[in-house]
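Chemist:
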Amino acid sequence: MSEEGGEPTRRRRRSRSPPAAADSLPDDDDLLREILLRLPPQPSSLPRASAVCKRWQRLATDPKFLRCFIAHHRKPPLLGYFKYVVTGLVFTPVLDPPDRIPPARLHCIIPDTDGAPRDKQFLGCRHGRVLVMDRVRKEVLICDPITGGKHCVTAPPEFTRNSVYGEVVCAAADRGHVHGSCHSSPFKVVLMSLTEDHNWSIARVYSSETGIWGNLITTAVPSDIYGASITGTLVGNALYWLLLMTDDILEFDLGGQEISVLRILEFDLDLQSLAVIMGPPSTYDFLSYTRQIIRAEDGALGLVIFSYPSIQVWHREVDCHGVATWLLYKTIRKHKILGLPQIERGRTAMQCMLGYSEDTNAIFIIIDFTVYMVQLKSMQSKRLHEIDFRDIANYYPFTSFYTPGIANAGGCDGPEMVHDT
Numbered sequence: 057m058s059e060e061g062g063e064p065t066r067r068r069r070r071s072r073s074p075p076a077a078a079d080s081l082p083d084d085d086d087l088l089r090e091i092l093l094r095l096p097p098q099p100s101s102l103p104r105a106s107a108v109c110k111r112w113q114r115l116a117t118d119p120k121f122l123r124c125f126i127a128h129h130r131k132p133p134l135l136g137y138f139k140y141v142v143t144g145l146v147f148t149p150v151l152d153p154p155d156r157i158p159p160a161r162l163h164c165i166i167p168d169t170d171g172a173p174r175d176k177q178f179l180g181c182r183h184g185r186v187l188v189m190d191r192v193r194k195e196v197l198i199c200d201p202i203t204g205g206k207h208c209v210t211a212p213p214e215f216t217r218n219s220v221y222g223e224v225v226c227a228a229a230d231r232g233h234v235h236g237s238c239h240s241s242p243f244k245v246v247l248m249s250l251t252e253d254h255n256w257s258i259a260r261v262y263s264s265e266t267g268i269w270g271n272l273i274t275t276a277v278p279s280d281i282y283g284a285s286i287t288g289t290l291v292g293n294a295l296y297w298l299l300l301m302t303d304d305i306l307e308f309d310l311g312g313q314e315i316s317v318l319r320i321l322e323f324d325l326d327l328q329s330l331a332v333i334m335g336p337p338s339t340y341d342f343l344s345y346t347r348q349i350i351r352a353e354d355g356a357l358g359l360v361i362f363s364y365p366s367i368q369v370w371h372r373e374v375d376c377h378g379v380a381t382w383l384l385y386k387t388i389r390k391h392k393i394l395g396l397p398q399i400e401r402g403r404t405a406m407q408c409m410l411g412y413s414e415d416t417n418a419i420f421i422i423i424d425f426t427v428y429m430v431q432l433k434s435m436q437s438k439r440l441h442e443i444d445f446r447d448i449a450n451y452y453p454f455t456s457f458y459t460p461g462i463a464n465a466g467g468c469d470g471p472e473m474v475h476d477t
């Protein structure tokens with residue numbers, strides 16, 4: 057009761073939950089790992105976190121944490137692109153500071169030979185590895201620009217005379233593997249070529265696990281084929297090249313446009329088979345600078361056709377009976393793509409595609425001698441740089457996680473080259 061003898065004073069007691077067991081609470085390191093895990097996968101994220109203190113550095117460079125970091129983000133960032141010029145192989149970064157990787161870190165990966173730079177052919181770039189054909193030594197060079205590792209393989213004789221197309225793919229079979237940090241993972245090299253009479257397409261597959269080339273794989277191709285697109289595209293577990301045709305099968309639509317029926321070469325990595333499949337109708341393009349095979353948003357085979365004043369995106373759908381149909385998924389007017397310049401009506405501007413990034417679904421295009429990177433999903437673009445006509449070359453986008461303890465700071469001072477014969 058109160059001192060004045062009034063009504064008794066009621067005091068409420070807060071109910072308290074029993075204290076949690078100490079071992080059920082995450083310690084400081086566990087909390088910090090969860091925080092670091094959610095940093096963006098850009099190259100500067102973990103190095104900047106490592107600079108905070110020794111404890112942060114220890115956690116951010118721990119190999120187990122790095123594996124979790126990569127698994128959490130799944131898709132590696134697009135660091136830049138490679139292109140082969142007169143002086144050799146050059147890397148150009150596309151990220152802004154502080155994520156911008158200095159070109160010297162990644163460009164010096166091709167060993168000197170007695171031949172000129174033109175005696176080397178850049179074949180492909182995927183899963184953190186680069187593939188180059190040395191025509192003087194008749195060898196295929198597989199490089200890891202991040203670690204500086206190199207692997208050299210003698211090319212089969214069928215692929216040392218004619219035009220050669222090739223791709224490198226990671227062959228890791230462990231569950232949950234994330235591409236983009238495949239530095240120690242096994243790999244496969246696929247070489248493809250057309251015979252001199254252009255009636256057959258041939259292919260062989262090299263496995264780093266066995267150290268040997270597989271059997272020769274062949275398929276007939278139409279007689280009007282004279283070549284293939286410089287780079288292939290990996291969709292699912294198959295590689296696709298756009299076949300280049302002569303103009304003897306052209307049709308004209310009612311509007312007077314030249315229309316060709318596209319053909320695509322498919323190499324199934326599981327079945328080890330080659331096949332020619334039909335593509336959608338398209339306006340004729342002798343060098344195929346306005347068309348690009350892509351990986352559609354649903355994981356299916358797709359095709360981008362770049363033609364003023366729009367970009368067409370096609371998807372190939374296969375029904376339950378195995379019948380394939382090409383559907384025009386969307387048409388985007390260029391003026392609706394954020395960041396692209398407006399072209400005055402009646403004025404002709406140079407427009408072509410230079411490359412395609414499978415992991416980020418981005419294309420590199422030229423408009424009026426300026427290079428832009430366009431994200432096909434968001435349809436936003438980024439202006440990269442101006443370009444001279446003499447410097448136009450194919451772009452090979454390079455995606456990879458660039459994390460502490462993995463990157464080779466010396467660029468070309470990597471491990472010794474491994475030779476297979």
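Mapped onto this note's numbering, the consecutive letters of the sequence shown carry residue numbers 57 to 477. The beta-carbon is built from N, C-alpha and C at its ideal position, and this holds for glycine as well.
1. Tell me the residue span of the beta strand (DSSP E) that contains Lys139.
2. With DSSP as the reference, please indicate the residues paired to Lys131 in a beta bridge.
3. According to DSSP, is Glu442 helix, strand or coil?
4. Please determine, among His254, Trp269 and Asn255, the residue with the shortest C-alpha to C-alpha distance to Val261.
5. Do Val150 and Tyr140 count as a contact pair if the criterion is CB distance below 9 Å?
6. Does the beta-carbon of Arg130 have 16 or more other beta-carbons within 10 angstroms, so that it is buried, or is it exposed?
7. With a threshold of 16 other CB atoms inside 10 Å of the CB of Gly395, please say whether the residue is buried or exposed.
8. Considering Arg347, what are the terminal residues of the beta strand (DSSP E) in which it resides?
9. Where does Arg94 fall in DSSP's three states?
10. Going by DSSP, which residues form a beta bridge with Arg319?
11. Helix, strand or coil: which one does DSSP assign to Gln328?
12. Among Asn293, Trp256, Val291 and Gly236, which one has its Cα closest to the Cα of Pro51?
13. Quickly, what does DSSP pair Trp112 with across the bridge? List them, please.
14. Can you name the start and end residues of the beta strand (DSSP E) that Ala449 belongs to?
15. Skipping 5 residues on each side, what residues in its chain have a beta carbon closer than 8 Å to that of His391?
16. Just list the beta strand (DSSP E) runs in the region 262–294, keeping only unbroken ones of 3 residues or longer that don't cross its boundaries, in chain order.
17. Hey, out of Val188, Leu250 and Cys238, whose CA is closest to Glu223's CA?
18. If you reduce the DSSP assignment to three classes, tell me which class His391 lands in.
19. Classify Ser100 as helix, strand or coil using the three-state DSSP reduction.
20. Around the C-beta of Pro453, are 16 or more other C-beta atoms found within 10 angstroms, so that it is buried, or is it exposed?
21. Taking 8 Å as the threshold, find out whether the region 94–107 comes into contact with the region 145–159 through three or more Cβ pairs.
22. Pop quiz: Ile273 and Leu298 are said to be a contact at Cβ under 8 Å. What is the actual Cβ separation, rounded to whole angstroms?
23. List the whole-angstrom C-beta distance separating Leu318 from Pro336, where the pair is believed to meet the contact cut-off of C-beta under 8 Å.
24. Take every Cβ of the region 409–417, pair it with every Cβ of the region 376–392, and state whether three or more of those distances are shorter than 8 Å.
25. Is the distance from the Cβ of Pro460 to the Cβ of Thr148 below 9 Å?
26. What runs of the alpha helix (DSSP H), each 4 residues or longer, lie entirely inside the region 194–245?
27. Restricting to runs no shorter than 3 residues, where is the beta strand (DSSP E) found entirely within the region 406–434?
28. In three-state DSSP terms, what is Ile258?
29. Could you pull out every residue in the same chain whose Cβ sits closer than 6 Å to the Cβ of Met248, ignoring the five residues on either side in sequence?
30. Confirm, please, whether the CB-CB distance from Leu432 to Ile333 is below 9 Å.
31. Measuring only the C-alpha atoms, how far is Leu295 from Ala331?
32. Between Arg347, Asp326 and Val234, which has its C-alpha nearest Thr287's C-alpha?
33. To the nearest angstrom, how far is the alpha carbon of Ala127 from that of Val234?
34. Pop quiz: Gly184 and His239 are said to be a contact at Cβ under 8 Å. What is the actual Cβ separation, rounded to whole angstroms?
35. Based on the DSSP output, what are the partners of Pro149 in its beta bridges?
36. Mapping DSSP to helix, strand and coil, what is Ala160?
Modeler: The relevant details are as follows:
1. Along the sequence shown, one-based indexing puts residue 139 at 83. Lys139 -> beta strand (DSSP E) spans Leu134 to Val141.
2. In the sequence shown, counting from the first residue as 1, residue 131 sits at position 75. In the DSSP assignment, Lys131 forms no beta bridge with any residue.
3. For this step, residue 442 is matched to residue 386 along the sequence shown. The answer is strand: DSSP assigns Glu442 an E or B state.
4. Residue numbering aside, residue 261 sits at position 205 when the sequence shown is read from its first letter. Of the residues His254, Trp269 and Asn255, the one whose Cα lies closest to the Cα of Val261 is Trp269.
5. Here the question's residue 140 lines up with position 84 in the sequence shown. Here the question's residue 150 lines up with position 94 in the sequence shown. No. Outside cutoff.
6. In the sequence shown, the residue the question calls residue 130 occupies position 74. Answer is exposed; the Cβ neighbour count stays below 16.
7. The sequence position of residue 395 within the sequence shown is 339, counting from 1. With fewer than 16 other Cβ atoms within 10 Å, it is exposed.
8. The sequence position of residue 347 within the sequence shown is 291, counting from 1. Looking at the DSSP string, the run of the beta strand (DSSP E) that includes Arg347 is Arg347 to Arg351.
9. Start at 1 with the first residue of the sequence shown, and residue 94 comes out as number 38. Of the three classes helix, strand and coil, the one that applies to Arg94 here is coil, per DSSP.
10. For the purposes of this step, residue 319 is identified with residue 263 of the sequence shown, where counting begins at 1. Per DSSP, Met334.
11. Against the sequence shown, residue 328 aligns to sequence position 272. Coil.
12. Residue 51 falls outside the range modelled here, since the chain spans only 57 to 477, and no answer is possible.
13. By 1-based counting over the sequence shown, the position of residue 112 is 56. The partner list for Trp112 (beta bridge, DSSP) is empty, contrary to what the question assumes.
14. Walking along the sequence shown from the start, residue 449 turns up at place 393. Taken as a continuous stretch (DSSP letters only), Ala449 belongs to no beta strand (DSSP E), as it is neither H nor E.
15. Within the sequence shown, residue 391 is the residue found at index 335, counting from 1. Taken in chain order, the residues that qualify are Pro365 and Gln398.
16. Runs found: 273–276, 281–284 and 289–291.
17. Within the sequence shown, residue 223 is the residue found at index 167, counting from 1. The shortest C-alpha to C-alpha distance from Glu223 to any of Val188, Leu250 and Cys238 is the one to Val188.
18. Translated into positions along the sequence shown, residue 391 becomes position 335. The three-state secondary structure of His391, taken from DSSP, is helix.
19. Locating residue 100 in the sequence shown gives position 44, counting from the first residue. In the three-state reduction of the DSSP assignment, Ser100 falls in the coil class.
20. Translated into positions along the sequence shown, residue 453 becomes position 397. The residue in question, Pro453, is buried, as its Cβ has 16 or more Cβ neighbours within 10 Å.
21. With the rule of 3 Cβ pairs closer than 8 Å, the region 94–107 counts as touching the region 145–159.
22. Taking the sequence shown and counting its residues from 1, the one referred to as residue 273 is at position 217. Taking the sequence shown and counting its residues from 1, the one referred to as residue 298 is at position 242. Rounded, the Cβ-Cβ distance is 19 Å, inconsistent with contact.
23. The residue you call residue 318 lines up with position 262 of the sequence shown. The residue you call residue 336 lines up with position 280 of the sequence shown. Indeed, because the Cβ distance is near 6 Å, the residues count as touching under 8 Å.
24. With a cut-off of 8 Å, the region 376–392 and the region 409–417 do not count as touching, because too few Cβ pairs lie within range.
25. Here residue 460 is taken as the residue at index 404 of the sequence shown, counted from 1. Here residue 148 is taken as the residue at index 92 of the sequence shown, counted from 1. The criterion of a C-beta distance shorter than 9 Å is not satisfied by Pro460 and Thr148.
26. Within the region 194–245, no complete alpha helix (DSSP H) run reaches 4 residues.
27. Counting only runs of 3 or more, we get 407–413, 418–423 and 426–431.
28. Reading the sequence shown from its first residue, position 202 is the one you call residue 258. If DSSP states are grouped into helix, strand and coil, Ile258 belongs with the strands.
29. Working through the sequence shown from its first residue, we reach residue 248 at position 192. Once the five neighbours on either side are set aside, the close Cβ partners of Met248 are Tyr221 and Ala259.
30. Along the sequence shown, read from residue 1 onward, the residue named residue 333 stands at position 277. Along the sequence shown, read from residue 1 onward, the residue named residue 432 stands at position 376. Against a cut-off of 9 Å, the Cβ pair of Leu432 and Ile333 comes out as no contact.
31. Taking the sequence shown and counting its residues from 1, one reaches residue 295 at position 239. Taking the sequence shown and counting its residues from 1, one reaches residue 331 at position 275. When rounded, the distance between both Cα atoms is 11 Å.
32. Start at 1 with the first residue of the sequence shown, and residue 287 comes out as number 231. Comparing Cα positions, the closest option is Arg347.
33. Taking the sequence shown and counting its residues from 1, the one referred to as residue 127 is at position 71. Taking the sequence shown and counting its residues from 1, the one referred to as residue 234 is at position 178. Between Ala127 and Val234, the C-alpha separation is close to 6 Å.
34. Counted from its first residue, the sequence shown places residue 184 at position 128. Counted from its first residue, the sequence shown places residue 239 at position 183. Here Gly184 really is in contact with His239; their C-beta atoms are around 7 Å apart, less than 8 Å.
35. In the sequence shown, the residue the question calls residue 149 occupies position 93. For Pro149, the beta-bridge partners assigned by DSSP are Gly136.
36. Stepping through the sequence shown from its first residue, residue 160 is reached at position 104. The answer is helix: DSSP assigns Ala160 an H, G or I state.
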